[in-house]
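>
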Amino acid sequence: MPSLGPLYRAAALRRGVAADPALPAREVALGGVTVDRGHLAAYNRVCGFRLRDELPATYPHVVAFPLAMTLMTAPDFPFPLLGLIHVANRIEVLRPLLLLSSSLSFAVRAEALRPHDRGTQLDVVTTAAVDGEVVWRDTSTYLRRTASGGSSGGSSSGGSAAAPAPAPNAVWRVPRRVGPDYAAVSGDRNPIHTSRLLAKVFGFPRTIAHGMWTKARCLAALEGRLPGTYTVDVAFKLPVLLPATVGFSAVTHGDGWDFGVHDERSGRPHLSGAVR
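Each residue of the sequence shown is one higher than the one before, counting from 1 in the UniProt record's numbering.
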């Protein structure tokens, strides 16, 4: 995998947006990737998964993170990485991901550049294949907000009043260390997750949890009740300011689930998701 140090330096130095933004018509790919058991165990511990032979659906996302960084910090990528907001993520598990299966081949591309009422959106799509067969697909949607792009914050549920938060199935106390702990296992060392001082520079009163940690924690809560193949969609709403007390709710929907995470005190949503 590419070294993340030079990629973070490239991200920090990048300024400006391409005059006529266009996504690169290429993939960043790497084959022969095997799972490091120690890293997997550390990831499972941080996110709440049990240790078992099947990989969590969110785990390949962190394995392929350096490839996504390579694509998104390259000169032909139209936007600075530090100006992008991760607003949604879809993972398709097309076949159970077994620890002892053949090595994985990853490919990352950007697609679907499109206007949004707060700026511009795009998708970064990552696939994992075993013996030439795609077994896992991840689509991360990013927003590049423009000066005229409306209110501040991350993903939005729109202008209408939010529905009351459902009664939680569980209440989670999320310690401040979740930020640096997840940064260590994911490679995503954005300072808004690890430094209170730098989080304030970016407009947050405290460090915030990674959105993909929140998604993984939800799937860990549903572990053992998920089908062998499925799609899990989430929309990232308000950031989880660390430390936090949040409510997790989940209800069955056919053979899947609707789930969410909300602030335990105010009921304001942090994440909404569905498994189908």
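The beta carbon of each residue, even a glycine, is placed where N, CA and C say it ideally should be.
Are three or more beta carbon pairs between the region 182-190 and the region 38-50 nearer than 8 Å?
yes
> Taking DSSP as the reference, what is the three-state secondary structure of residue 181?
helix
> Put residue 254 into one of helix, strand or coil per three-state DSSP.
If DSSP states are grouped into helix, strand and coil, residue 254 belongs with coil.
> Taking the C-alpha atoms as reference points, what is the distance between residue 152 and residue 24?
Note that residue 152 scores a pLDDT of 37, beneath 50, so its modelled location is shaky and nothing firm can be said.
> Considering only the alpha carbon of each residue, which of 120, 62, 83, 114 lies closest to residue 108?
62
> If we count the other Cβ atoms within 10 Å of its Cβ and call it buried at 16 or more, is residue 18 buried or exposed?
exposed
> Kindly indicate if chain D contains any beta-carbon less than 9 Å away from that of residue 167.
The displayed structure is made up of one protein chain only, and chain D is not part of it.
> Locate the alpha helix (DSSP H) running through residue 6, then write down its first and last residues.
4-13
> Does residue 115 come out as helix, strand or coil in the three-state DSSP assignment?
DSSP places residue 115 within a strand segment (E or B) once states are collapsed to three.
> What runs of the alpha helix (DSSP H), each 4 residues or longer, lie entirely inside the region 197-233?
211-221
> Taking the C-alpha atoms as reference points, what is the distance between residue 123 and residue 201?
27 Å
> When DSSP labels each residue in this structure, what does residue 34 get in the three-state scheme?
coil
> Can you grab the Cα-Cα spacing for the pair residue 34 / residue 104, in whole Å?
6 Å
> Whose C-beta lies closer than 7 Å to the C-beta of residue 65 among residues of the same chain, with five residues either side of it excluded?
186, 187, 188
> Tell me which same chain residues have a C-beta within less than 6 Å of the C-beta of residue 284, skipping the five on either side of it?
As shown, the chain starts at 1 and ends at 276. That puts residue 284 outside it, with no answer to give.
> Check for me: the alpha helix (DSSP H) holding residue 62 runs from which residue to which?
59-63
> Just reading off the beta strand (DSSP E) that residue 269 is part of, what are its end residues?
In the DSSP annotation of this structure, the continuous segment of the beta strand (DSSP E) that includes residue 269 starts and ends at 269-275.
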